[in-house]
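Trainee: Can you keep this structure in mind? I'll have questions shortly.
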Amino acid sequence: MQNICPNCGANIKFLPTIQKCYCEYCGSKIDIGEFGFCENEINKKIEDKLKYDKYTCSACGANLIMDENTTITECVYCGGIQIVKERFIGELRPEALIPFKIDKNKFISIYKKFIKKKLLAPNEFRQNSKSNIKGLYVPFYIYTYDTNTYARGEAYHSGKKSYYKYFEFELNEKIRLPQDASLNLNDDITTSLEPFNYDELKEFNPAYLNGFWAEKGSEDLEKINEKAKRRAQNECEDNVKRAIYRDRYCGGKMNIKLKQLERKYVLLPIWLFNTEYKGKKY
61 MQNICPNCGA
71 NIKFLPTIQK
81 CYCEYCGSKI
91 DIGEFGFCEN
101 EINKKIEDKL
111 KYDKYTCSAC
121 GANLIMDENT
131 TITECVYCGG
141 IQIVKERFIG
151 ELRPEALIPF
161 KIDKNKFISI
171 YKKFIKKKLL
181 APNEFRQNSK
191 SNIKGLYVPF
201 YIYTYDTNTY
211 ARGEAYHSGK
221 KSYYKYFEFE
231 LNEKIRLPQD
241 ASLNLNDDIT
251 TSLEPFNYDE
261 LKEFNPAYLN
271 GFWAEKGSED
281 LEKINEKAKR
291 RAQNECEDNV
301 KRAIYRDRYC
311 GGKMNIKLKQ
321 LERKYVLLPI
331 WLFNTEYKGK
341 KY
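Laid out in structure tokens, this is it:
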């Protein structure tokens, strides 16, 4: 797995606009497949081939991953200057990722249109420096559950004649949902970014990370499992309420059974920037 241009040896970056790696020195455009990340070669070559490092920010504690050529960098969360030390290997390797689809300039254009409508937003949020804007791959686990929900109870029907009615039914469905593995991003923020398009998941290849940041999953896996389970249960409850159509759910008995079919560790792309306002980082 190379992180350099095969034609001239210079550093390369992954360009979302063309979905290829690009060499700014000689202008070469290289397909991701040319970097050959073969599953059957991982066990014997991963130590030599994966040339990415992780570091822990001494200021805020964020665990981040950078390419091997980075020695000093700025923390995407707090802006602190850090030194990269450890390798990106072994359990740090995701199974898949969704590559970035837009570049920084496109993101800035979208953000300017968004903030223009926020008439009361402080100027600090309108005049962000481009250096504060980072493309970050955030670690997630994608869970797939087989669910069975039995529900009975009472619902209020409103119409020309309003009345309470009894219902009883059973729902069987598969649910797929993401749960972030980052301690540095608030769960409410990552949930607000959903839904991601999982049809765009690609087999993990470190070449996608060139020119971007990637965070190592830092939250305890048992806690992540519990959060995902609660989300799946909540989704089952919501599906029951949707199933009674226009009627308002008034309560009753609900029994939810979950069977985890799959848990996949992936990286999902977000554009992130931090702004200081009245002494606080946002």
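The numbering used here puts the first residue of the sequence shown at 61, with every later residue one more than the last. Every residue gets a Cβ at the ideal spot worked out from N, C-alpha and C, and that includes glycine. In this text the structure is predicted, and so the values were computed from the model without any measurement.
#1: Going by alpha carbons, who is nearest to Phe-185 out of Lys-161, Gly-213, Lys-194 and Tyr-171?
#2: Going by DSSP in three states, Gly-93 sits in which element: helix, strand or coil?
#3: So, helix, strand or coil for Glu-184, using DSSP?
#4: Quick one: is Tyr-83 buried, meaning 16 or more other Cβ sit within 10 Å of its Cβ, or exposed?
#5: Over what stretch of residues does the beta strand (DSSP E) that includes Val-198 continue unbroken?
#6: Does the stretch 191-205 come close enough to the stretch 172-181 that 3 or more CB-CB pairs lie under 8 Å?
#7: Between which two residues does the beta strand (DSSP E) harbouring Lys-319 extend?
#8: Can you check DSSP and say which residues form a bridge with Thr-116?
#9: State the CB to CB distance for the pair Tyr-325 and Ile-92, rounded to an integer number of angstroms; the pair is presumed to be in contact (CB under 8 Å).
#10: Using CA coordinates, which residue listed in Asn-257, Lys-89, Cys-65 and Ile-330 is at the minimum distance from Leu-75?
#11: Look up Pro-154 in the DSSP assignment and say whether it is helix, strand or coil.
#12: Short check: CB of Phe-167 to CB of Pro-329, under 8 Å?
#13: Would you mind working out which of Lys-177, Lys-289, Lys-262 and Trp-273 sits nearest Glu-322, comparing C-alpha positions?
#14: Using the Cα positions of Gly-219 and Asp-298, report the straight-line distance between them to the nearest angstrom.
#15: Measure from the alpha carbon of Pro-66 to the alpha carbon of each residue in Ile-162, Glu-94, Lys-221 and Tyr-226, then state which is nearest.
#16: From Leu-327 to Lys-262, what distance separates their C-alpha atoms?
#17: Give the DSSP-derived three-state secondary structure of Asp-163 in the structure shown.
#18: Give the single residue among Ile-78, Gly-121 and Phe-229 whose Cα lies nearest to the Cα of Lys-313.
#19: Which residues mark the beginning and the end of the beta strand (DSSP E) in which Asn-235 is found?
#20: At 4 residues or longer, and completely inside the stretch 239-276: list those alpha helix (DSSP H) runs for me, N to C.
#21: Tell me the residue span of the alpha helix (DSSP H) that contains Ile-284.
#22: Taking just the CA atoms, how far does Tyr-342 sit from Asn-192?
Mentor: Let's see:
#1: Here the question's residue 185 lines up with position 125 in the sequence shown. For the residues Lys-161, Gly-213, Lys-194 and Tyr-171, the minimum Cα distance to Phe-185 belongs to Tyr-171.
#2: Stepping through the sequence shown from its first residue, residue 93 is reached at position 33. If DSSP states are grouped into helix, strand and coil, Gly-93 belongs with the helices.
#3: Counting from one through the sequence shown, the residue named residue 184 turns up at place 124. Reduced to three states, the DSSP call for Glu-184 is helix.
#4: By one-based count along the sequence shown, residue 83 stands at place 23. The sequence shown places Cys at residue 83, not Tyr. Cys-83 comes out buried.
#5: Within the sequence shown, the letter at position 138 stands for residue 198. In this chain, the beta strand (DSSP E) harbouring Val-198 covers 193-217.
#6: Look at the beta carbons and you see the stretch 172-181 not touching the stretch 191-205: under three pairs across the two are nearer than 8 Å.
#7: Numbered from its first residue, the sequence shown carries residue 319 at position 259. Per DSSP, Lys-319 belongs to the beta strand (DSSP E) from 308-333.
#8: For this step, residue 116 is matched to residue 56 along the sequence shown. Bridge partners of Thr-116: Asn-123.
#9: For this step, residue 325 is matched to residue 265 along the sequence shown. For this step, residue 92 is matched to residue 32 along the sequence shown. About 20 Å; that fails the 8 Å criterion.
#10: Locating residue 75 in the sequence shown gives position 15, where the first residue counts as 1. The option with the nearest alpha carbon to Leu-75 is Lys-89.
#11: Taking the sequence shown and counting its residues from 1, the one referred to as residue 154 is at position 94. Of the three classes helix, strand and coil, the one that applies to Pro-154 here is coil, per DSSP.
#12: The residue given as residue 167 occupies position 107 in the sequence shown. The residue given as residue 329 occupies position 269 in the sequence shown. Taking a C-beta distance under 8 Å as the contact criterion, Phe-167 and Pro-329 do not qualify as a contact pair.
#13: Taking the sequence shown and counting its residues from 1, the one referred to as residue 322 is at position 262. Nearest of Lys-177, Lys-289, Lys-262 and Trp-273 to Glu-322, Cα basis: Lys-289.
#14: Working through the sequence shown from its first residue, we reach residue 219 at position 159. Working through the sequence shown from its first residue, we reach residue 298 at position 238. Approximately 22 Å between the Cα atoms of the pair.
#15: Here residue 66 refers to the residue found at position 6 when the sequence shown is read from its first residue. Residue Glu-94 is the option with its Cα nearest to Pro-66.
#16: Taking the first residue of the sequence shown as position 1, residue 327 is located at position 267. Taking the first residue of the sequence shown as position 1, residue 262 is located at position 202. Approximately 10 Å between the Cα atoms of the pair.
#17: Along the sequence shown, one-based indexing puts residue 163 at 103. DSSP places Asp-163 in coil when its eight states are reduced to three.
#18: Mapped onto the sequence shown, residue 313 falls at position 253. Lys-313 has its Cα closest to that of Phe-229, out of Ile-78, Gly-121 and Phe-229.
#19: Residue 235 sits at position 175 when you count from the first residue of the sequence shown. Residue identity check: residue 235 is Ile in the sequence provided, not Asn. It spans 223-240 - the beta strand (DSSP E) in which Ile-235 sits, taken as one unbroken run.
#20: 247-252
#21: In the sequence shown, the residue the question calls residue 284 occupies position 224. First-last of the alpha helix (DSSP H) with Ile-284: 281-303.
#22: Position 132 of the sequence shown, counted from the first residue, corresponds to residue 192. Position 282 of the sequence shown, counted from the first residue, corresponds to residue 342. If you take the alpha carbons of Asn-192 and Tyr-342, they lie about 11 Å apart.
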